[in-house]
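Residue numbers (my numbering), protein chains in the order written: chain A, 236 to 496; chain B, 99 to 674. A virtual CB, placed ideally from N, CA and C, is assigned to each residue, including glycine. Here the structure is a predicted model, which means the values were calculated and not measured. Some notes on the structure that comes next.
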Amino acid sequence: MKALAARRHDRRAPVVLLLLALLLTGGLYAVLAPTSAKAESSVASADDVKAGEKLFQANCATCHGPSAAGTASAPSLIGVGAAAVDFQVGTGRMPMQMNGPQAQVKPAQFDDEQISQLAAFVASLGAGPAIPTDDQVDPSKGDPATGMALFRTNCAMCHNAVGAGGALSRGKFAPNLWETSPRHLYEAMLTGPQSMPVFNDANITSEEKRDIIAFIDEQGNVSPGGLDLGSIGPVSEGLWAWVVGLGLLIGAAVWIGAKSS
Amino acid sequence: MTTTSTPTPTARAAAATADYLDQRTGIGVAVKTFARKIFPDHWSFLLGEIALYSFVTLLISGVFLTMFFVPSMAETTYHGPWASLNGVEMSQAFSSTLRLSFEVRGGLLMRQVHHWAALIFMASIVTHMMRVFFTGAFRKPRELNWVVGFTLMILGLLAGFSGYSLPDDVLSGNGLRITDGVVKAIPIIGSYMSYFIFGGEFPGNDLIPRLFTVHILLVPALILALIGLHLLFVVLHKHTQYPGSGRSDKNVVGFPLFPIYVAKAGGYFFVVFGVIALMAATMTINPVWNYGPYDPSPVSAGAQPDWYMLFLEGSLRLMPGQAEVMLGQYTLSLNVIIPAMIVPGVLFTLLAAYPFIEAFATGDNREHHVLDRPRNRPFRTAFGVSLLVAFFILVLAGSNDLIATHFHLSINDITWVFRFLLFLGPWAAFVITKRICLGLQRKDRELVLHGHETGRIVRFASGEYIEVHKPLDAHERWLRVQHDAVRPVEIEPAEDSRGVRRKGYRTDRLRQRISQVFYEDRVEPVTPSELEAAHHAHGGHDEIGSHDHGHEPAQVGGGQHLVEPDGETGPDARNH
């Protein structure tokens, strides 16, 4: 304590205090922040459907029509299934924030219970793909090598070789997949949101979808060679070769040249 | 060693060894000559050294890689630590690259050293070439060395491309497939050429061993030989130097090779190696395990070549597909021929031939050892910048999908913008650069004639205000007036005095036309008589006439005043 007191007026003290304060705030936030509850709806009751309809009329009917049959500005939702709702609303894409080339991801507007109620309502309109079980989307049960082969044949041309994302026409894009939850990945394959094609179970089986999820799960975590530079290929490598490599080397050359004169 | 009267045992041993070698090889003469050789000092003279040292780094790391790489397209099944590829069928080339990356100690580091060094190698060659171009270091007697350097750059491209394709991954295979397409687009012989190169239908089973020989034997041997020639020329021609007082085409002002440049250049090797090693240790390059073993069907988003080939990718991406023509039952793939052969052909031919074009236009047969300041050759500088702009636009066009995702733009719009920019950008860059050069030259003229502004305002008894200008010292002035005024060549008339048509008139007229394009717009350096006139005008109000030629009236302000140089900074005190 005495040593600390003696150094109380060190000029670095404010910086240290600030860092400690930031750590404390961050720590408290991590402890106290609400953790997202796990989706736990397997069987939808009639009440759920009713509550879902209310939510639908209040939030979705403006574009999708009061009977969810679609309007000029939005598609019909009859037969899209619970999986489509869970994906679109669960990733925040719907309700759509603004018009644009495609609906953007944003923090989900509804909680898990409301999403499951909405899903139950839309599912009641017509038969469609259901929300997958936890077992179907468990990356630890899939084979990443099979997933790799499937991914690069079916997905990589838009989403990049490891799912870092890529461009589509006219401002649309295939998003990065590393932060997407396994359930949403599965639902996206099953329902084909926006520009994405549908990969139904006849096309890519349920087990194969899990393999793909296992492959994506491997990406973005481990990078054996150091910083991954965005995993977007040789363009970023070339950029860093010029900026870091030639930058440092020319800097050193100027330094060596300046030493004599 | 001469300071001590009794040499240490080490010094004695060294002397004995040197003497032994000298008596048998006569190397003493060479060492003496080289040790005393003078080189001028400037940081930009080290750019070529980056290329040399990154090539040495490439050789060292490349030798390591050949110990473990298997150049074979034979099929095998991978079993190793990378889970996403476990049990996948692949070529031995790819599986040995994986083994090299994940199982050989230091293997991944060496692979990354090799690849980063390759990118730095090409980048430093281009930067070095820019320095040589913009300072006019390619003028007589160095035109041939420019061609050698240009050939080295092409060989560098070849080395990079052949090495990049060796791991047999999807990404480099996509590049090979494009190459195959380009070869097939050659009229008449295209498909035969493709079968010849790939040993049958693409991809065949021969390509990796063939590329291996090209990459580790043929190209490096040629590069080594040409580097030797390149450096031999540097020694023969002596090094160029930047203009300055005391420097002329007949001398070299600088420091001796030993000990100054032995230390600087030797130290710089370790800096280059160190930077490359640092990059390799911290930044992933070419993670082939992400792309997977080659298979002709998949192409992933963001498929691009290394930066030095990116301009070709961009050129292909910009070309509208409708350019394919049917001639009877034959297809003429102009949609491939134009972007993949004509565009790089034009860029490279202009680059390689430029010294000869300029020499023709200048009609100048003298040797040049003092470099130009880029502003003093407006056409050349503007031409170089416009070539670079064209290259850069093609590079950006090759990255159009990444620009689209990272800046939230429409890829279609980007492509259309680049299609127009490819033609408008170099033109605009040419005009703007030339204006800037001429403007800087005018600024130089004004400085020489009127000196620096001092901010000191003096009022005369008559009530008149003037700002006092401080004249340039001799060194500052020399830098701004030393260059030659290059004017368009004047030619003899078409017919001689007796009305007989003169031989060679047509060539001369061509030379005159080109020369006018090069040198019509110019600002000439201040002549001694103009300087004298400016000095005499001091105190008076008369405008100082500047003799300007062509379309460019120089904007030298009138009515400014010079003060007499005071004794200490007398203009001629230091230089004579």
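Limits of the unbroken alpha helix (DSSP H) element including residue i
i, result
"S441 of chain A", "441-453"
"H633 of chain B", "626-634"
"T174 of chain B", "Run containing T174 of chain B: none in the alpha helix (DSSP H); it sits in the beta strand (DSSP E), 173-175."
"Y293 of chain B", "288-296"
"T479 of chain B", "476-496"
"Y366 of chain B", "360-380"
"Q352 of chain A", "347-360"
"C298 of chain A", "296-299"
"V332 of chain B", "317-335"
"A396 of chain A", "Neither: A396 of chain A is in no alpha helix (DSSP H) and is coded neither H nor E."
"F699 of chain B", "The requested residue 699 of chain B is not part of the displayed model; chain B covers only 99 to 674."
Span separating the alpha-carbon of residue i from that of residue j
i, j, result
"A304 of chain A", "K341 of chain A", "25 angstroms"
"V360 of chain B", "R134 of chain B", "11 angstroms"
"P306 of chain A", "A362 of chain A", "Note that residue 306 of chain A is Thr in the sequence shown, not Pro. Cα to Cα, the separation comes out at about 20 angstroms."
"G553 of chain B", "E565 of chain B", "7 angstroms"
"L492 of chain B", "K238 of chain B", "32 angstroms"
"W405 of chain B", "V320 of chain A", "43 angstroms"
"M431 of chain A", "I287 of chain B", "42 angstroms"
"S644 of chain B", "D462 of chain B", "Residue placement at S644 of chain B is flagged as unreliable, the pLDDT there being 41, under the threshold of 50; the coordinate-derived value follows with that caveat. Computed Cα separation, rounded: 26 angstroms."
"S182 of chain B", "T195 of chain B", "15 angstroms"
"Q580 of chain B", "P623 of chain B", "8 angstroms"
"L274 of chain B", "F132 of chain B", "46 angstroms"
"P364 of chain A", "A402 of chain A", "28 angstroms"
"Y340 of chain B", "S508 of chain B", "47 angstroms"
"L462 of chain A", "S199 of chain B", "16 angstroms"
"L252 of chain A", "R246 of chain A", "11 angstroms"
"H212 of chain B", "T155 of chain B", "7 angstroms"
"G602 of chain B", "R609 of chain B", "11 angstroms"
"V230 of chain B", "L253 of chain B", "19 angstroms"
"F353 of chain B", "G279 of chain B", "53 angstroms"
"K568 of chain B", "E551 of chain B", "6 angstroms"
"H140 of chain B", "K362 of chain B", "12 angstroms"
Residue range of the unbroken beta strand (DSSP E) whose run includes residue i
i, result
"K568 of chain B", "563-568"
"G271 of chain B", "It is not in any beta strand (DSSP E) - G271 of chain B instead sits in the alpha helix (DSSP H) that spans 268-283."
"R557 of chain B", "550-557"
"T106 of chain B", "First-last for T106 of chain B: undefined, no H or E at that position."
"E411 of chain B", "It is not in any beta strand (DSSP E) - E411 of chain B instead sits in the alpha helix (DSSP H) that spans 408-416."
Close Cβ partners of residue i (< 7 angstroms) along its chain, the five nearest in sequence each way excluded
i, result
"G258 of chain B", "A216, M220, D404, Y406"
"H226 of chain B", "L145, G146, A149"
"N294 of chain A", "P330"
"Y290 of chain B", "none"
Chain-ordered neighbours of residue i on chain C, where CB pairs are closer than 8 angstroms
i, result
"N395 of chain A", "Absent here is chain C; the protein component of the structure consists of chains A and B."
Own chain residues within Cβ distance below 8 angstroms of residue i, not counting five before or after
i, result
"T479 of chain B", "F232, P472, R473, T531, K532, C535"
"T513 of chain B", "R415, L416, A495, N498"
"M424 of chain B", "L430"
"V186 of chain B", "T175, Y176, G390, P391"
"A423 of chain A", "F322, T415, M431"
Close beta carbons around residue i, own chain, < 6 angstroms, minus the five adjacent residues each side
i, result
"L305 of chain B", "F296"
"S613 of chain B", "A459, P586, V587"
"V483 of chain B", "A527, T531"
"T338 of chain B", "A235, H467, L469"
"S413 of chain B", "P437, V441, L492"
**Message:** Taking 8 angstroms as the cut-off, does the region 374-389 of chain A touch the region 447-456 of chain A (at least 3 CB pairs, one atom from each stretch)?
**Reply:** By the Cβ test, the region 447-456 of chain A is in contact with the region 374-389 of chain A, since at least three Cβ pairs between them sit closer than 8 angstroms.
**Asked** Are at least three pairs of beta-carbons, each pair with one atom in the region 415-429 of chain B and one in the region 477-496 of chain A, less than 8 angstroms apart?
**Response** Counting Cβ pairs under 8 angstroms, fewer than three are found: no touch.
**Message:** Please give me, in chain order, every unbroken run of the beta strand (DSSP E) with length at least 3 that falls completely inside the region 181-205 of chain B.
**Reply:** Within the region 181-205 of chain B, complete beta strand (DSSP E) segments of at least 3 residues are found at 187-189, given in chain order.
**Message:** With three or more beta-carbon pairs closer than 8 angstroms as the criterion, would you say the region 479-498 of chain B touches the region 441-453 of chain B?
**Reply:** Result yes; three or more Cβ-Cβ pairs closer than 8 angstroms.
**Prompt:** Would you call the region 259-271 of chain B and the region 379-394 of chain B in contact, with 3 or more CB pairs under 8 angstroms?
**Reply:** Yes: the two stretches touch, three or more of their Cβ pairs being nearer than 8 angstroms.
**Request:** Flag this pair as touching only if the region 528-547 of chain B and the region 467-478 of chain B have three or more C-beta atom pairs under 8 angstroms; answer yes or no.
**Result:** With a cut-off of 8 angstroms on Cβ pairs, the region 528-547 of chain B is in contact with the region 467-478 of chain B, counting three or more such pairs.
**Message:** Which runs of the alpha helix (DSSP H) at least 4 residues long sit entirely within the region 301-326 of chain A? Give them in chain order.
**Reply:** Fully enclosed alpha helix (DSSP H) runs of 4 or longer: 316-325.
**Prompt:** Okay, do the region 375-387 of chain B and the region 454-474 of chain A touch, 3+ Cβ pairs below 8 angstroms being the bar?
**Reply:** Counting C-beta pairs closer than 8 angstroms gives three or more between the region 375-387 of chain B and the region 454-474 of chain A, which meets the contact rule.
**At least three beta-carbon pairs within less than 8 angstroms, the region 199-218 of chain B to the region 158-165 of chain B** = Pairwise C-beta distances place the region 199-218 of chain B in contact with the region 158-165 of chain B, as three or more of them are shorter than 8 angstroms.
**Message:** Does the region 176-192 of chain B come into contact with the region 329-348 of chain B, if we say contact requires no fewer than three beta-carbon pairs (one atom in each stretch) closer than 8 angstroms?
**Reply:** The region 176-192 of chain B, when compared against the region 329-348 of chain B, does not touch it at the 8 angstroms Cβ threshold.
**Item:** Given 8 angstroms, three or more beta-carbon pairs between the region 111-123 of chain B and the region 322-329 of chain B
**Value:** Not touching, per the Cβ criterion.
**Asked** With contact counted as at least three CB pairs below 8 angstroms, one residue from each stretch, are the region 518-526 of chain B and the region 474-482 of chain A in contact?
**Response** Contact fails: fewer than three Cβ-Cβ distances are below 8 angstroms.
**Asked** Does the region 289-304 of chain A come within contact of the region 381-399 of chain A, defined as at least 3 CB pairs closer than 8 angstroms?
**Response** The region 289-304 of chain A is not in contact with the region 381-399 of chain A.
**Runs of alpha helix (DSSP H) wholly within the region 414-441 of chain B (minimum 4 residues, chain order)** = Secondary structure in the region 414-441 of chain B: the alpha helix (DSSP H) runs of 4 residues or longer, each lying completely within the stretch, are 432-435 in chain order.
**Request:** With a floor of 4 residues, list each alpha helix (DSSP H) that falls wholly inside the region 563-621 of chain B, ordered by position along the chain.
**Result:** Qualifying alpha helix (DSSP H) stretches, in chain order: 572-579, 603-617.
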